[in-house]
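**Student:** For reference, the structure I am asking about is given below.
In the numbering used here, the protein residues as written are 1471 to 1984.
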């Protein structure tokens, strides 16, 4: 299995495409103007304290105030608040927490009005970026993520990733971390720490402690609101959270970013440094690797799948609704159940990909094709669960309901990736939109394959002269590729009367095929 990361660098943003066997599975964008990224830490001031919501609105410099709920204050909020005030006033110069006096923990069922006052300074971290009309979701329980561990100030707990199932390995990691953990800090051990030596964990902790001390040193001269700790560069962040030994290639079109990734891999996976390649940008990197075409086909309301099936994806304020359609699949009575199962399994794989690709979150309801057999519904549920096993975002999948629906909840911390794929109609007056013309060849190819599979010996394609020329000219031409694959020569007829994206097939008698 080939897994690649393809990185396109621009003047104000960097795009990251993750592929598996050449198929796009994730798309990330890092834009300079994003000042409220997940994990950023701010010194801010509370505004309104709302007892009814048990929450406070916090001014972090965004047009909408951030939202801080009582349950996101963390049990050691009072200790953190005292520490913050001492650092802000300049009375505390030592930022290690081993000698700090621990205050009483917050009660789980307490009220925010008892512990938070308006215009009170507070250290907060972005846990959900601004989405739609809402400001950022905040937490006062800070965490600083590293490659192998996450540092949690004002805590003393050691937690091991639940994805590490080996009890002996869990005990080993807990023992190692306990021996190197700084006092006053908790540690969460990440999945990638499995099998790592104490020296590697210690180096990661040292780096995180340096980031903590640098952040604290900014506090006593900071105004409100000010970002005091940014997430590391998006490139390094992506490598930290996504990269593992299963990746076989990283291709970058910018030498500076390429060198940055190589330097980072030297510290976390030196044996993988040679998979990073610089791509001379004579041909745009996303076009060279087929990413641009996949973006055009993967976003938008309708998503085509193999064997003629397709998805309809609708967005509402409260949820996403996905409808599975069999398209021109066979619906014979004696094979209807098998057809439905096969189409649903294909759709489940594509839906798991779409959720990651678009970073869809909240409630997702999928209307699969009805299946009568209980065992088939169970097989579908297990399949979509397996397809989402590698999903990094927290999610929950409910079994198929008697109406053929599967409900999914998926954590959303950023804006959904939304790419406009429809373009102005070149045959119209500028008021209508059509799907991207780049897809017309793919549509023609799929239609041709359906006609040839039905047993037709001779097929003629009628298309606009521009499209006909694109199919027949050059080497190897699209038509010659069809010949190699199907061992049939397809006659292509240019038709001046056709609109740009119009095409039809006829049989040997000139009869138009549906």
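We put the CB at the ideal spot given by N, CA and C, even for glycine.
Evaluate residue 1969 with the Cβ neighbour count: other Cβ atoms within 10 Å of its Cβ, from every protein chain shown; 16 or more gives buried, anything less gives exposed.
**Tutor:** Position 499 of the chain shown, counted from the first residue, corresponds to residue 1969. Per the 10 Å Cβ criterion, exposed.
**Student:** With burial defined as no fewer than 16 other Cβ atoms inside 10 Å of the residue's Cβ, what is the status of residue 1700: buried or exposed?
**Tutor:** Taking the first residue of the chain shown as 1, we reach residue 1700 at position 230. Under this definition residue 1700 is an exposed residue.
**Student:** By the DSSP assignment, the alpha helix (DSSP H) with residue 1855 in it spans what residues?
**Tutor:** What you label residue 1855 is simply residue 385 of the chain shown in a count that begins at 1. Segment 1844-1857, the alpha helix (DSSP H) holding residue 1855.
**Student:** If you measure between the beta carbons of residue 1821 and residue 1854, is that distance less than 8 Å?
**Tutor:** As a first step, residue 1821 must be located in the chain shown, where it is residue number 351. As a first step, residue 1854 must be located in the chain shown, where it is residue number 384. A contact, by the Cβ cut-off of 8 Å.
**Student:** Do you know how far the Cα of residue 1941 is from the Cα of residue 1422?
**Tutor:** Past the edges of the chain, shown from 1471 to 1984, lies residue 1422, and the structure says nothing about it.
**Student:** Would you say the beta carbon of residue 1960 comes nearer than 7 Å to a heavy atom of the ligand MG?
**Tutor:** Questions concerning the ligand MG fall outside what the structure shown contains, since it holds no ligand whatsoever.
**Student:** Smallest Cα separation from residue 1814: which of 1655, 1857, 1831, 1785?
**Tutor:** In the chain shown, the residue the question calls residue 1814 occupies position 344. Per the Cα distances, 1857.
**Student:** Once DSSP output is grouped into helix, strand and coil, what is the label at residue 2010?
**Tutor:** The chain is shown only over 1471 to 1984; residue 2010 falls outside these bounds and no answer can be derived.
**Student:** Using the beta-carbon count (16 or more within 10 Å), is residue 1797 buried or exposed?
**Tutor:** Sequence index remark: in the chain shown, residue 1797 carries index 327 (1-based). Classification of residue 1797: exposed, given that the 10 Å Cβ count is below 16.
**Student:** Spatial neighbours of residue 1762 within its chain, please: CB distance less than 6 Å, with the 5 preceding and 5 following residues excluded, ordered by chain position.
**Tutor:** As a working note, residue 1762 is residue 292 in the chain shown. Taken in chain order, the residues that qualify are 1756.
**Student:** Judging by CA-CA distance, which residue of 1625, 1555, 1715, 1632 is the nearest neighbour of residue 1653?
**Tutor:** Within the chain shown, numbered from 1, the residue matching residue 1653 stands at position 183. Cα-wise, what sits closest to residue 1653 is 1625.
**Student:** In this structure, how does DSSP classify residue 1631 when only helix, strand and coil are distinguished?
**Tutor:** Within the chain shown, numbered from 1, the residue matching residue 1631 stands at position 161. Note: residue 1631 maps to coil in three-state DSSP.
**Student:** What does a CB cutoff of less than 7 Å around residue 1588 pick up in its chain, not counting 5 residues either side in sequence?
**Tutor:** Position 118 of the chain shown, counting from 1, holds the residue named residue 1588. Excluding positions up to five away in sequence, the list reads 1516, 1517, 1518, 1519.
**Student:** Which word fits residue 1530, buried or exposed, when buried means at least 16 other C-beta atoms lie within 10 angstroms of its C-beta?
**Tutor:** The count along the chain shown starts at 1 and reaches residue 1530 at position 60. Per the 10 Å Cβ criterion, buried.
**Student:** Count the other CB atoms within 10 Å of the CB of residue 1945; is the residue buried (16 or more) or exposed (fewer)?
**Tutor:** As a first step, residue 1945 must be located in the chain shown, where it is residue number 475. Per the 10 Å Cβ criterion, exposed.
**Student:** Could I get the ranges of all uninterrupted beta strand (DSSP E) runs contained in the stretch 1638-1677, with 3 residues as the minimum, in chain order?
**Tutor:** Fully enclosed beta strand (DSSP E) runs of 3 or longer: 1655-1659.
**Student:** Just checking my contact of residue 1473 with residue 1718 at CB under 8 Å: how many whole Å lie between their CB atoms?
**Tutor:** Your numbering for residue 1473 matches position 3 in the chain shown. Your numbering for residue 1718 matches position 248 in the chain shown. With a Cβ gap of about 6 Å, residue 1473 and residue 1718 count as contacting.
**Student:** Beta-carbon within less than 7 Å of residue 1773's beta-carbon, same chain only, minus the 5 sequence neighbours each way: which residues are those?
**Tutor:** Residue numbering aside, residue 1773 sits at position 303 when the chain shown is read from its first letter. Cβ within range, chain order: 1780, 1781, 1783, 1820, 1824.
**Student:** According to DSSP, which residues form a beta bridge with residue 1619?
**Tutor:** For the purposes of this step, residue 1619 is identified with residue 149 of the chain shown, where counting begins at 1. DSSP output for residue 1619 lists 1659 as bridge partner(s).
**Student:** Which partner residues does residue 1789 have in the DSSP bridge list?
**Tutor:** In the chain shown, residue 1789 corresponds to position 319, counting from 1. Beta-bridge pairing links residue 1789 to 1833.
**Student:** Give the straight-line distance between the Cα atoms of residue 1803 and residue 1810, rounded to the nearest whole angstrom.
**Tutor:** Taking the first residue of the chain shown as position 1, residue 1803 is located at position 333. Taking the first residue of the chain shown as position 1, residue 1810 is located at position 340. Any reading at residue 1803 must be qualified, since the residue scores a pLDDT of 44, below 50, and its modelled position is unreliable; the value itself is stated next. Taking the straight line joining both Cα atoms gives about 11 Å.
**Student:** Nearest to residue 1500 by alpha carbon, out of 1638, 1707, 1866?
**Tutor:** For the purposes of this step, residue 1500 is taken as the residue at position 30 of the chain shown. Measuring from the Cα of residue 1500, the nearest candidate turns out to be 1707.
**Student:** Roughly how many whole angstroms lie between the Cα atoms of residue 1806 and residue 1492?
**Tutor:** As a working mapping, residue 1806 is identified with position 336 in the chain shown. As a working mapping, residue 1492 is identified with position 22 in the chain shown. So the two alpha carbons sit approximately 32 Å from each other.
**Student:** Please state the DSSP three-state secondary structure of residue 1802.
**Tutor:** What you label residue 1802 is simply residue 332 of the chain shown in a count that begins at 1. Here the model assigns residue 1802 a pLDDT of 47, short of 50, so the residue's position is not dependable, and the following value carries that caveat. Looking at residue 1802 - three-state DSSP - the assignment turns out to be coil, as it is neither helix nor strand.
**Student:** With a threshold of 8 Å, are at least 3 pairs of Cβ atoms found where one atom belongs to the stretch 1642-1649 and the other to the stretch 1581-1595?
**Tutor:** Taking 8 Å as the limit for Cβ pairs, the verdict is that the stretch 1581-1595 does not touch the stretch 1642-1649.
**Student:** For residue 1982, which residues in the same chain have their Cβ closer than 8 Å to its Cβ, ignoring the five residues on either side in sequence?
**Tutor:** Against the chain shown, residue 1982 aligns to sequence position 512. Cβ within range, chain order: 1974, 1975, 1976.
**Student:** Under a Cβ-count criterion, where at least 16 other Cβ atoms within 10 Å of its own Cβ denotes burial, should residue 1829 be classed as buried or exposed?
**Tutor:** One-based indexing of the chain shown puts residue 1829 at position 359. Its Cβ being crowded by 16 or more others within 10 Å, residue 1829 is buried.
**Student:** What runs of the alpha helix (DSSP H), each 4 residues or longer, lie entirely inside the stretch 1527-1584?
**Tutor:** Listed in chain order, the complete alpha helix (DSSP H) runs (minimum 4 residues) inside the stretch 1527-1584 are 1547-1559.
**Student:** When the distance is taken between beta carbons, is residue 1639 closer than 8 Å to residue 1666?
**Tutor:** Counting from 1 along the chain shown, the entry for residue 1666 is found at position 196. Counting from 1 along the chain shown, the entry for residue 1639 is found at position 169. No; because the gap between Cβ atoms is not below 8 Å, this pair is not in contact.
**Student:** Based on the DSSP secondary-structure assignment, which residues constitute the bridge partners of residue 1759?
**Tutor:** Start at 1 with the first residue of the chain shown, and residue 1759 comes out as number 289. Note: residue 1759 sits in no beta bridge, so no partner.
**Student:** Return the chain-ordered list of same chain residues with a C-beta closer than 8 Å to the C-beta of residue 1867, the five sequence neighbours on each side being excluded.
**Tutor:** For this step, residue 1867 is matched to residue 397 along the chain shown. Excluding positions up to five away in sequence, the list reads 1851, 1854, 1855, 1858, 1876, 1877, 1878.
**Student:** Does the stretch 1535-1546 come within contact of the stretch 1560-1567, defined as at least 3 CB pairs closer than 8 Å?
**Tutor:** Judged by Cβ distances under 8 Å, the stretch 1535-1546 makes no contact with the stretch 1560-1567, as fewer than three pairs qualify.
**Student:** Whole angstroms is fine: what's the gap from residue 1607's alpha carbon to residue 1525's?
**Tutor:** Reading the chain shown from its first residue, position 137 is the one you call residue 1607. Reading the chain shown from its first residue, position 55 is the one you call residue 1525. So the alpha carbons of these two residues sit roughly 11 Å apart.
**Student:** Closest to residue 1709 by C-alpha separation, out of 1476, 1962, 1642, would be which residue?
**Tutor:** For the purposes of this step, residue 1709 is identified with residue 239 of the chain shown, where counting begins at 1. Of the listed residues, the one whose Cα sits closest to residue 1709 is 1476.
**Student:** Measure the C-alpha to C-alpha separation of residue 1727 and residue 1508 and round it to an integer number of angstroms.
**Tutor:** Position 257 of the chain shown, counted from the start, is the residue given in the question as residue 1727. Position 38 of the chain shown, counted from the start, is the residue given in the question as residue 1508. Straight-line Cα distance between these residues: approximately 21 Å.
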